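What follows is a short report on a single structure.
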Amino acid sequence: MRSGRHGAARPPVGVLIQQDRVDFALFALIFVVAVVSMVFSGPGSVVFWLALLPLVSAVVLTVRRIEHLSRLELRDSEFM
């Protein structure tokens, strides 16, 4: 059986974003460019539907990065 804290609280998202500002800034830039291209092209355009790919991928990558950073933070706090 593993020792350590069970049910430990995850750190706030703002703290995690401060640790990797560049990654989250790039994810935000990808998201904004995709949304702007969708707004200016309209739903009848191929660009609109192709912009869904980076939009969804930016959201997925952001969530995965936050989960990874929170696991690292919890792992580091167990060694203290």
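Numbered by the numbering used here, the letters in the sequence shown go through residues -7 to 72 in order.
Where a beta carbon is used, it is the ideal one built from N, C-alpha and C, also for glycine.
Note that the structure is predicted; figures quoted are calculated from it, not measured.
Check your understanding: CB Phe23 to CB Ala43, shorter than 7 Å?
Key -> Here residue 23 refers to the residue found at position 31 of the sequence shown. Here residue 43 refers to the residue found at position 51 of the sequence shown. Taking 7 Å as the Cβ cut-off, Phe23 and Ala43 do not qualify as a contacting pair.
Review point. Count the other CB atoms within 10 Å of the CB of Leu61; is the residue buried (16 or more) or exposed (fewer)?
Key: In the sequence shown, residue 61 corresponds to position 69, counting from 1. Leu61 should be labelled buried.
Check your understanding: Can you tell me whether DSSP reads Asp15 as helix, strand or coil?
Key -> Walking along the sequence shown from the start, residue 15 turns up at place 23. Helix.
Review point. Under the three-state reduction of DSSP, which class applies to Ala43: helix, strand or coil?
Key: Numbered from its first residue, the sequence shown carries residue 43 at position 51. The answer is coil: DSSP assigns Ala43 none of H, G, I, E or B.
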